[in-house]
Amino acid sequence: MSKSVKILLVTLCLIGILSLGVASAAERPFRTNWSWPTYIDPAVGSDFSSSTALVNLYDTLFYPDIKGDPQPHIAESWEVSADGLVWTIHLRQGIKFHDGTELTAEDVKFSMDRLITIGEGYAYLFKVIKSTEVLDKYTVVFHLNHPFGPFEAVMYRFYILNKDLVMANIERPGPYGDMGDYGKQYLLTHDAGSGPYMVKAFPLEEYLLMTIHPNYWIPIDPNAPDEYKMIGTCEPVTVRTAMSRRELEIADRWQPVEALDALEKINGIKIGEFDSGLSYYYMVNTKKPPTDDIHFRKAMAWALDYKTVINKVFPGSIQSRGPVNQSLPGADPTIFQYQRNLDKAMAELKQSKYYNQLDEYPVVVAFPSVPADNEKMALLFMSNMADIGIKVETLKVPWASIIEIMASEETSSHVAGVSVAPHYPEAGSLLESRYKSDSVATWEQNEWLLDSKFDAMIEDALKTVNREERFVKYSKTQQYIMDLCPTLFIFDMMAKHPYQVGYIDWPAARGEVIPVMGYNLAGRFIKVYPDKRAELLK
Amino acid sequence: MGRTIKFIAKRLAFSVFVLVGLSILIFVIARVMPGNPARMALGARAPEWVVERLREEMHLNEPLYVQYYYWAKGALHGNFGISLVTRRSVANDIKAFFPASLELALYAGIFMGIIGIVLGTISGWYANTWVDNLVRIISYMGIVTPSFVFAIFFVLIFSYVLEILPTIGRLTPGVVPPPSVTGVITFDALITGRFDVFFDALKHLLLPAISLAMGPLSQEARITRASLVDNVQKDYIASERSCGIPERTIMFKYLLKPSLIPTITIYGLDFASILGNAFLVELIFNWPGLSRYGMNAMLQKDLNAITAVVLVLGLVFIIANIVVDLTVGYLDPRIGLGTERSSE
């Protein structure tokens, strides 16, 4: 055998070995991709990927339905005192954590105390909790500082930990006194929950792999994923390749329009669209000239071409109707919508004190460099404003710089293009986080509204325990904001997730959307059909 | 041998000063960058007292020199603080991320070395022929094209169209990694006799490693070629030819060795650069490497992680340079290790 033939044979053997596939052990794997990192400690995580992981690993007292209304979950029943200050929760009996121990009121109290002490993640939602008391093994009482209407809704973000497991894994010394590190190092890569999935492997730098909890207290459909993997990448080429090879079941919602178009052309892949709860705003600084003038702001609101935005720049999105995303309970569907009307824009502009000095007051619009479509939006805004003589300068910056810019009134730009999601599924969440005085200097408010009347209105609404009365008050605050025109309410964002329609059944893509971040990717509601996947792979 | 040890000891002693200087520089730069790292880590809605507690924990309210004192004290004990992004110790992060990048750089280095030198040798040997021109064009393309473009191109060809190589991570889902001995999966797989895992890891390594190697190997090919063409005109080669020594012997015994000196000098620097510059390729292949970790640390103003990553990369550069100097000294004893002069 000649030398070259030998080399050829060795090369062919090597290629053959390299081509050998190593099959996944799971029968019904379910894989999604995310921007990283993901925190699975309920007292730390609060972003989209962390929220999704937490929903799968832990149980909550209440569970939202597709209207966002609370349904009994670990809480079997509950009552609230007449003054709205005491919530008594009766727990379901026989719920088992992943290690087999029973979930009791002690675990609930421990989890709440831990969350408030650590103060990170979703802890800001629970400032209202004064103390937690264990009445008996299955009854827990929350004492509030003041009445808080959306109490059940914020509880969707309260995840119950296995107290014994966490206590057994505390590292001392730590920043929390006797509690050492409060189990933070352990919970970085392990769960202590009772949810439908449990952690199997979590190399922080790569993926989170969860496996189904075989003894979950609610029967799970036999076609639900037996393994759930969250992969830390959003790179479009990687995502497209993995989707085409059926190695990814649902892709992230940040894929650019071009990538979505390419994915939709692949057999068995569809774009699942639903209202994400996110709204995209042009937050207008009400304290800085020339946008401190209400007529100037209204002129901008009339001049913007909303139709082009929702048809061309962010296709598939819906024009916003006021400050609250319309998918949220408590959003007022009758709120006024601006449409592009240059005559009305000019009429407003003429009433502005800056009308004769437009060249001296260019409007700076700052926006995050990602996603790339933000720039198209800014250029459209620039073009639209030029139609009425307003000069616009764009400022494209990394997200970290947006936070920095918005941190003070001086550095804050005239306009900031930012999308904001509610912290819990109610209008009050957005109204509070977007416009209340204590949210200035954060990335959620560039308006610098600092309006004491609004503060009083929203505080009163949030303290109203009766849901219908509360929603009426929400409507009034939305109208109040509209009158001030501190924001260009541009569009409610549709979440567009490419998914394998050929072999998975995803309720959210069928329209059964839960308006709480993370809940639409609860694995127990998703079904995977391996036979259909095999067909697509042929 | 004694001379070599003396050389290494001297260089390592100098490198301590370099690392201290580097640590001070990066420590200051990271802290004067805009942004409150504690606020960025905890999010916009975290209460002020929580942000303040984290600032206290990280000594961020102290003057810079006091902060550096605390940091240096910890670093001397192997404690580089806690990462604000991963929330675990930076030392553990480095331990987890560095082997992944090292593995990538090692395999990229193999491609760089073998293909670059072979192409350069062919090009130099057949200088000014169509072979030389072809290699020149390929090399120029390799040099001017960023590695992430190669990465995307390779993913599209080998994963999307041909479907023969994977795109995500270091191992196929379901494959249990070997017990970690070195952290480099292919090495660990061989050590523990897990040959299936070795080949699976190799399959995952191919595309990112070749993507990273394309630029440097093209550069090495050009340098090898230039050096060969330069040396082939020297008198000693003419003398060997006149003695009737076969061309192949001249090439491999007398010409290649001295011609590789500039290539090896660049090779060492390229190898070290790969570790620091691979973030886009690591992102595309979801490769859990140090470069991507460092990039995220920069974006999130993860102070401890930034300083540690820069120090590790600095250390790699220092070691790579020492290895290069030793190799060059071996290849050309006339260059030596510079110890005689200093000892005189």
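These protein sequences, in sequence, are chains A and B. Here the first sequence stands for residues -12 to 525, numbered as in the working numbering. Here the second sequence stands for residues 18 to 361, numbered as in the working numbering. Here a beta-carbon is modelled for each residue, glycine too, at the ideal position from N, C-alpha and C. Fair warning: this is a prediction, and the values are worked out from it, not measured in the lab.
When you compare the CB positions of residue i and residue j, do they come within less than 8 Å of one another, or not?
i              : j              : result
N321 (chain B) : F97 (chain B)  : yes
M369 (chain A) : V379 (chain A) : yes
K514 (chain A) : A211 (chain A) : yes
P223 (chain A) : H200 (chain A) : no
F261 (chain A) : M481 (chain A) : yes
T47 (chain A)  : Y173 (chain A) : no
G505 (chain A) : F35 (chain A)  : yes
G137 (chain B) : R28 (chain B)  : no
D248 (chain A) : Q465 (chain A) : no
I291 (chain B) : F165 (chain B) : no
N248 (chain B) : L272 (chain B) : yes
H410 (chain A) : R240 (chain A) : no
L101 (chain B) : P54 (chain B)  : yes
L437 (chain A) : S424 (chain A) : yes
T126 (chain A) : H77 (chain A)  : yes
R101 (chain A) : P517 (chain A) : no
I468 (chain A) : P310 (chain A) : yes
A362 (chain B) : V298 (chain B) : Outside the modelled stretch of chain B, which goes from 18 to 361, sits residue 362 (chain B), for which no answer is possible.
G161 (chain A) : L44 (chain A)  : no
D374 (chain A) : A290 (chain A) : yes
Y203 (chain A) : F17 (chain A)  : no
K274 (chain A) : E396 (chain A) : yes
V405 (chain A) : I389 (chain A) : yes
Report whether the distance from the Cβ of residue i to the nearest heavy atom of the ligand COA is below 7 Å.
i              : result
G161 (chain A) : Among the ligands in the structure shown, none appear at all, so the ligand COA cannot be discussed.
If residue i sits next to residue j, beta carbons under 8 Å apart, how far is it from one beta carbon to the other, in whole angstroms?
i              : j              : result
R401 (chain A) : T278 (chain A) : Before going on, a small fix: residue 401 (chain A) reads as His here, not Arg. Yes, H401 (chain A) and T278 (chain A) are in contact; Cβ-Cβ is about 5 Å, under 8 Å.
I256 (chain A) : Q487 (chain A) : 6 Å
L81 (chain B)  : V107 (chain B) : No, L81 (chain B) and V107 (chain B) are not in contact; Cβ-Cβ is about 19 Å, not under 8 Å.
A394 (chain A) : A428 (chain A) : 5 Å
F283 (chain A) : S339 (chain A) : 4 Å
W142 (chain B) : M315 (chain B) : About 44 Å; that fails the 8 Å criterion.
N272 (chain A) : W435 (chain A) : 6 Å
T19 (chain A)  : E236 (chain A) : 7 Å
T75 (chain A)  : E66 (chain A)  : 5 Å
T203 (chain B) : F215 (chain B) : 6 Å
V121 (chain A) : K96 (chain A)  : 5 Å
For residue i, count neighbouring C-beta atoms within 10 Å of its own C-beta (all shown protein chains included) and say buried if the count is 16 or more, exposed if not.
i              : result
G8 (chain A)   : Any reading at G8 (chain A) must be qualified, since the residue scores a pLDDT of 42, below 50, and its modelled position is unreliable; the value itself is stated next. By the 10 Å Cβ count, G8 (chain A) comes out exposed.
P350 (chain B) : exposed
E526 (chain A) : The requested residue 526 (chain A) is not part of the displayed model; chain A covers only -12 to 525.
A238 (chain A) : buried
T398 (chain A) : exposed
D70 (chain A)  : exposed
M312 (chain B) : buried
C472 (chain A) : buried
A10 (chain A)  : Confidence in A10 (chain A) is poor, its pLDDT being 43 and thus under 50, which makes the residue's placement too unreliable to answer from.
I2 (chain A)   : With a pLDDT of 46 at I2 (chain A), under the threshold of 50, the modelled position of this residue cannot be trusted, and the question is left open.
P412 (chain A) : buried
P206 (chain A) : exposed
Can you name the residues of chain A whose CB is closer than 8 Å to the CB of residue i?
i              : result
F24 (chain B)  : In chain order: nothing, as chain A lies at least about 37 Å away.
A113 (chain B) : P190, L191 and E192
Y176 (chain B) : Note that residue 176 (chain B) corresponds to Ser in the displayed sequence, not to Tyr. Under the 8 Å cutoff, chain A gives T228 and R232.
Under 7 Å Cβ-Cβ, which residues of chain A neighbour residue i?
i              : result
N303 (chain B) : E193, I218, G219, T220 and T225
P225 (chain B) : The premise fails here: P225 (chain B) is roughly 11 Å from chain A at the closest Cβ pair, so nothing lies under 7 Å.
L121 (chain B) : Per Cβ cutoff of 7 Å: no residues; L121 (chain B) is ~13 Å from chain A at best.
T184 (chain B) : T225, T228 and A229
Under 8 Å between beta-carbons, which chain B residues line up against residue i? List them in chain order, please.
i              : result
I390 (chain A) : G52, R56, M57 and A61
T429 (chain A) : A61 and R62
P385 (chain A) : L316
Taking C-beta pairs closer than 7 Å, name the residues in chain B that residue i reaches, listed in chain order.
i              : result
E107 (chain A) : L59, A63 and V67
R308 (chain A) : Those do not exist, as R308 (chain A) stays about 25 Å from chain B at its closest Cβ, beyond 7 Å.
S33 (chain A)  : G60
Stretch pair the segment 106 to 118 of chain A + the segment 60 to 76 of chain B: three plus CB contacts closer than 8 Å:
Remark: three or more beta-carbon pairs, one from each stretch, lie closer than 8 Å, so the segment 106 to 118 of chain A and the segment 60 to 76 of chain B are flagged as touching.
Touching or not, the segment 333 to 351 of chain B and the segment 54 to 65 of chain B, by the rule of three or more beta carbon pairs under 8 Å?
No, because fewer than three Cβ pairs between the segment 333 to 351 of chain B and the segment 54 to 65 of chain B fall closer than 8 Å, the two stretches do not touch.
Would the segment 454 to 463 of chain A count as touching the segment 213 to 230 of chain A if we require 3 or more Cβ pairs under 8 Å?
No, the segment 454 to 463 of chain A is not in contact with the segment 213 to 230 of chain A.
With a threshold of 8 Å, are at least 3 pairs of Cβ atoms found where one atom belongs to the segment 317 to 334 of chain A and the other to the segment 353 to 364 of chain A?
Look at the beta carbons and you see the segment 317 to 334 of chain A not touching the segment 353 to 364 of chain A: under three pairs across the two are nearer than 8 Å.
Per the contact definition of three or more C-beta pairs closer than 8 Å, is the segment 276 to 295 of chain B in contact with the segment 109 to 127 of chain B?
Contact between the segment 109 to 127 of chain B and the segment 276 to 295 of chain B is present, because at least three Cβ pairs lie under 8 Å.
Touch check for the segment 83 to 93 of chain B and the segment 133 to 142 of chain A: three-plus C-beta pairs under 8 Å?
No, because fewer than three Cβ pairs between the segment 83 to 93 of chain B and the segment 133 to 142 of chain A fall closer than 8 Å, the two stretches do not touch.
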